[in-house]
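Engineer:
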Amino acid sequence: MGVPAVPMCTKAYTELANLTAAREGMPHLRQVFTPHPVGGKTDEELAAYLVNPDPVSRKQIMKEIVDDLTMPLSEDEKKTGMQSIAAGPATYGPDTADNLQEIFMNNGMTDYMPIVISTEEKVEAMLKGTSHHPDEVLRTPLQGVGYTSARWGYTVRQIAVNAVMAGCRPEFFPVVLAMASVGPLGLFGSTTSSSSAIVINGPIRDKLNMNYGLGALSPFAQSNATIGRSWTLMGKNLTNGGIPGDTYQGGQGNQLDYNNCVIAEDEKNSPWTPLHVQFGFKPEENVVSIFDGPDIRQGHGARGAGAQIAMFDEQISFMFQSMVGGDGALVICDPLVANRLVEQGYDTKEKLSDWLWKNTVRTAKDFRESFLASFHLYPLALQGREPYATWYKVPEDTLIPFFPSVTDINFVVCGGQANAFFQVANMRHGRSASIDKWM
Amino acid sequence: MKVNRRKLLSLLGMSPALLAGSRAEAEQKKKSAQSGAGSEPKSTAVSPKGTPPAIQLYSMAPRANSLDGKTIYVVDATSFLGSETLLKKMQVWFQQNMPGVKTVFRKKAGVYAADDPKLWAEIKANAYATVMAIGH
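Residue numbers (numbering that gives the first Met the number 0), protein chains in the order written: chain A, 0 to 438; chain B, 0 to 135.
(1) Please confirm whether ARG105(B) has its beta-carbon closer than 9 Å to some beta-carbon of chain A.
(2) Comparing C-alpha positions only, which one of ALA20(A), PRO218(A), LEU340(A), VAL336(A) sits nearest to MET59(B)?
(3) List the whole-angstrom C-beta distance separating PRO93(A) from ALA124(A), where the pair is believed to meet the contact cut-off of C-beta under 8 Å.
(4) Where do the N-terminal and C-terminal ends of the alpha helix (DSSP H) with VAL155(A) fall, by residue?
(5) How many angstroms separate the CA atom of LEU376(A) from the CA atom of ASP326(A)?
(6) Residues of chain A with CB under 7 Å from LYS77(B), in chain order?
(7) Can you list the residues of chain B that ASN51(A) reaches, using a CB-CB cut of under 7 Å?
(8) Report the partner residues of ALA363(A) according to the DSSP bridge assignment.
(9) Nearest CA to the CA of PRO270(A): which residue from SER193(A), ALA337(A), LEU398(A), PHE280(A)?
(10) Return yes when the Cβ of ILE197(A) is within less than 9 Å of the Cβ of ASN285(A), no when it is not.
(11) 9 Å is my cut-off, CB to CB: does GLY81(B) come that close to chain A?
(12) Tell me whether GLU368(A) is buried or exposed, calling it buried when 16 or more other Cβ atoms sit within 10 Å of its Cβ.
(13) Please list the terminal residues of the continuous alpha helix (DSSP H) segment that includes HIS428(A).
(14) Would you tell me roughly how many angstroms separate the C-alpha atoms of ILE122(B) and LYS127(A), rounded to the nearest one?
(15) Rounded to the nearest angstrom, what separates MET116(B) and ALA124(B) at their Cα positions?
(16) Beta-carbon of MET178(A) versus every beta-carbon of chain B: anything under 9 Å?
(17) Determine the burial state of HIS132(A): buried for a count of at least 16 other Cβ atoms within 10 Å of its Cβ, exposed for fewer.
(18) In the DSSP assignment, the alpha helix (DSSP H) including ALA179(A) goes from what residue to what residue?
(19) List, in chain order, every chain A residue whose beta-carbon is nearer than 7 Å to that of GLY70(B).
(20) In this structure, how does DSSP classify PRO378(A) when only helix, strand and coil are distinguished?
(21) Go through its chain and collect everything with a Cβ distance to VAL144(A)'s Cβ below 8 Å, but skip five positions before and after it.
(22) Could you tell me if PRO282(A) is buried or exposed, where buried requires 16 or more neighbouring beta carbons within 10 angstroms of its beta carbon?
(23) Can you pull out the residues from the segment 105 to 127 of chain B whose beta carbon lies closer than 8 Å to at least one beta carbon of chain A?
(24) Taking C-alpha atoms, which residue in ASP67(B), LEU66(B), TYR72(B), GLN55(B) lies nearest to GLN90(B)?
(25) Figure out for me which residue from TYR211(A), ALA177(A), PHE410(A) has the closest Cα to the Cα of ASP312(A).
(26) Starting from the C-beta of VAL115(A), find all residues in its chain whose C-beta is less than 8 Å away, skip the five residues before and the five after it, and write them out in chain order.
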């Protein structure tokens, strides 16, 4: 910008602020920190923050701001040019398997469960799972504004190392490459502890022996388990994500991060169009779709779940109402639920999405007081983005849809038909990619 | 400002990953020495790390000796709860303690990670400096 600037944030983010400033090219940036938090404090308490000491520097905050805007620059503060950083050694060892396990674990390169040691032989074997050149760059390192995970670069070979560590077989590798092609990768890092769900469609599900029947979301298939695990390992290693206090700020974390809820859709027993076809792919194509959001909840806790005749549309709507925010939903239906919904009249996923979008509503007041609205959606409303601009203009008691668009509600089908259960992921669709392209 | 070891290494151009790498090498030597027995098979593991970007260093903007007669934009960059109130209290502090300073309050457009070149141009045209509240 070319004018003196002093960023100010709360003490809780001291390390993140310092590391971010260094990565952005100003390692000596003059920053001011207030006590944490700012939200929820009275006017008097906030006024006191300004005349009390900065909890990091111990200087009185307003004096510190004035000094930061008027003190001459040091030589370090004037430095320009390029500074390279390294990612550590290219190899570890030679050493015993136990020692290598410990070295990888102690240095934040695992999910704290044992890995498959990424020997050169195993990496070469993994690379045979694709026709792509090992040195092909999927993402070029990029300096600039944005999440750290969007800046690191990676190649086919580097992805293969992580796939080996996760326990993937070479035939799984095209799926992992397709996932990596649509990064940012796992361990998103938001304070909301958001995680991912990974939906896989197409004939490859059977070729990889993916489980979409009984216990589809539990650890009963190597492909489901290791493909999901690779998403988190890639987030940690390929993009320097998952460093608590630095690139990871999730308050409570999320158990989904261990596997990222891999869902192979049961296309055969589903009465509906498969998810990837809804997104414009052909039925015979193999596709991976990534969803992001904070949680997945069991639908048998829904109001009306014990009724003699299940009205699943109303139960799903009830589950939506308890979500944090309203960015999107992924409803995971057992085939029994999907077929019952067809009996209720929803012979397409689109009809069901439309009914839910129109009938899951809240007042404009409830929306404005919701968790994400004030800092995530209100700025968009100020820019005139719809529907948020309208939702901030209408009277408080106006009923508005819970989700901005009908396309924010998606469905997949899987499960062993042991009971008519569904689950609702508080997650929105991010990206989809062809797996075939990576074979 | 207190600079911890991790940050210091970071400022020297070492990402936490490199810090991990350095520690890893030392740890590896220690482990090998402890295990003693050379009978166990040994292997070499390929690093799973991606490629970090080089960093462009920027000089901070030159400072004036005094704020007297200057305009400062106080910018709510994230719209987190309480940030607007805090900045408006800051405006009051300037009015009461440094009346020669003019302050202007602005909210950055877009969500917290979005750029706002229009606002940056306005600040560059009208202000000596900015104080930016970036959360939480």
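Glycine included, C-beta positions come from ideal geometry on N, C-alpha and C.
Structural biologist: So, from the data block:
(1) no
(2) ALA20(A)
(3) About 19 Å; that fails the 8 Å criterion.
(4) 155 to 165
(5) Distance between the alpha carbons of LEU376(A) and ASP326(A) is about 10 Å.
(6) For clarity, residue 77(B) is Thr in the given sequence; the question names Lys instead. Per Cβ cutoff of 7 Å: PHE374.
(7) Those do not exist, as ASN51(A) stays about 12 Å from chain B at its closest Cβ, beyond 7 Å.
(8) Its beta-bridge partners do not exist; DSSP assigns none.
(9) ALA337(A)
(10) Not closer than 9 Å, so no.
(11) yes
(12) exposed
(13) Per DSSP, HIS428(A) belongs to no alpha helix (DSSP H); it is in the beta strand (DSSP E), 427 to 433.
(14) 55 Å
(15) For clarity, residue 116(B) is Pro in the given sequence; the question names Met instead. In a straight line, the C-alpha of PRO116(B) is about 12 Å away from that of ALA124(B).
(16) no
(17) exposed
(18) That run of the alpha helix (DSSP H) goes 172 to 180.
(19) Correcting the residue identity first, residue 70(B) is Thr in this sequence and not Gly. Within 7 Å Cβ-Cβ: nothing; THR70(B) doesn't reach chain A, min ~10 Å.
(20) helix
(21) With a pLDDT of only 45 at VAL144(A), under the threshold of 50, the placement of this residue in the model should not be trusted, and no figure is reported.
(22) exposed
(23) LYS106, LYS107, ALA108, GLY109, VAL110, TYR111, ALA112, ALA113, ASP114, TRP119, ILE122, LYS123, ALA126, TYR127
(24) TYR72(B)
(25) PHE410(A)
(26) LYS121, VAL163, MET164, ALA165, GLY166
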